[in-house]
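> The sequence shown lines up with residues 1 to 158 when you count with full-length UniProt numbering. Handing you this structure, nothing more for now.
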Amino acid sequence: GSLNRRLFPCGFQELEEIRRSGMKNFRNIQVEESNLLSWQGLIVPDNPPYDKGAFRIEIIFPTEYPFKPPKITFKTKIYHPNIDEKGQVCLPVISAENWKPATKTDQVIQSLIALVNDPQPEHPLRADLAEEYSKDRKKFLKNAEEFTKKHGEKRPLD
1 GSLNRRLFPC GFQELEEIRR SGMKNFRNIQ VEESNLLSWQ GLIVPDNPPY
51 DKGAFRIEII FPTEYPFKPP KITFKTKIYH PNIDEKGQVC LPVISAENWK
101 PATKTDQVIQ SLIALVNDPQ PEHPLRADLA EEYSKDRKKF LKNAEEFTKK
151 HGEKRPLD
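Here it is in structure tokens:
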């Protein structure tokens, strides 16, 4: 590619590594050549109720990356106690106080996938869903599965 490597070598290299590693749970990664600081991709969870769909996310890298953490936003609606209606996610690894410049993007994505697969009701962004998850898991799973079927993206076939 004719991408200017000097412009953003560290992120671009990570992108290549992630593409090569063939992460099954993070697919269809798209990066605008004009803006290497913004990635989009599909999170493909393994665990019910989220295994009925896929979820588009956007990862925005600040110009100070890797000294400041990337931000992740869900573009696909998701019924999840740790992700709010605006698509913001509470992910400790990329919080300002926990962030370490050595943290690789694939680690961030892996921890995001782990969170989607396994909600953490003790750190909720949506208290109502956290309560439902904790008190009536069956109802939560039913609601989340229906929501995923309605709003989720199609999962890659392979």
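Each residue gets a CB set at the ideal place from its N, CA and C atoms; glycine is no exception.
Buried or exposed for G1, going by 16 or more other Cβ atoms inside 10 Å?
For the purposes of this step, residue 1 is taken as the residue at position 1 of the sequence shown. Note that G1 scores 46 on pLDDT, short of 50, meaning its location in the model is unreliable; the coordinates nonetheless yield the value given after this. G1 comes out exposed.
> Would you check if the distance between the CB atom of P49 and the CB atom of P81 is smaller than 8 Å?
The residue you call residue 49 lines up with position 49 of the sequence shown. The residue you call residue 81 lines up with position 81 of the sequence shown. In this structure, P81 does not lie closer than 8 Å to P49 by Cβ.
> Closest to T115 by CA distance: which of N143, Y79 and E97 is it?
What you label residue 115 is simply residue 115 of the sequence shown in a count that begins at 1. According to the sequence displayed, residue 115 carries Leu and not Thr. Checked all of N143, Y79 and E97; the closest Cα to L115 is Y79.
> In the DSSP assignment, what residue or residues form a beta bridge with W39?
The residue given as residue 39 occupies position 39 in the sequence shown. Answer by DSSP bridge pairing, in chain order: V31 and I59.
> What are the start and end residues of each continuous beta strand (DSSP E) run of 3 or more residues lying completely inside the segment 68-100, in chain order?
Counting only runs of 3 or more, we get 71-74.
> Determine whether the Cβ of I113 lies closer than 8 Å to any Cβ atom of chain B.
The structure shown contains no chain B; it holds only a single protein chain.
> If we count the other Cβ atoms within 10 Å of its Cβ and call it buried at 16 or more, is E122 buried or exposed?
If you number the sequence shown from 1, residue 122 lands on position 122. By the 10 Å Cβ count, E122 comes out exposed.
> Identify the residues that DSSP records as bridge partners of F26: which are they?
Taking the sequence shown and counting its residues from 1, one reaches residue 26 at position 26. F26 is bridged to I43.
> Hey, how far is the Cα of W39 from the Cα of Y133?
Reading the sequence shown from its first residue, position 39 is the one you call residue 39. Reading the sequence shown from its first residue, position 133 is the one you call residue 133. For W39 and Y133, the distance between alpha carbons rounds to 31 Å.
> Going by DSSP, what residues sit across from S16 in a beta bridge?
Looking up residue 16 in the sequence shown gives position 16. Per the sequence shown, residue 16 should be read as Glu rather than Ser. Beta-bridge pairing links E16 to no other residue.
> Here's a check: name, in chain order, each residue in its chain whose Cβ is nearer than 7 Å to the Cβ of P119, leaving out the five neighbours to either side.
Within the sequence shown, residue 119 is the residue found at index 119, counting from 1. If we look at P119 and ignore the five residues flanking it on each side, its Cβ neighbours are H80, P81, N82 and Y133.
> Taking 7 Å as the limit between beta carbons, can you name the residues of its chain near G53, skipping five residues before and five after?
Residue numbering aside, residue 53 sits at position 53 when the sequence shown is read from its first letter. Around G53: T148, K149, G152, E153 and R155.
> For A127 and L42, what's the separation of their Cα atoms in angstroms?
Along the sequence shown, read from residue 1 onward, the residue named residue 127 stands at position 127. Along the sequence shown, read from residue 1 onward, the residue named residue 42 stands at position 42. Going from the Cα of A127 to the Cα of L42 covers about 26 Å.
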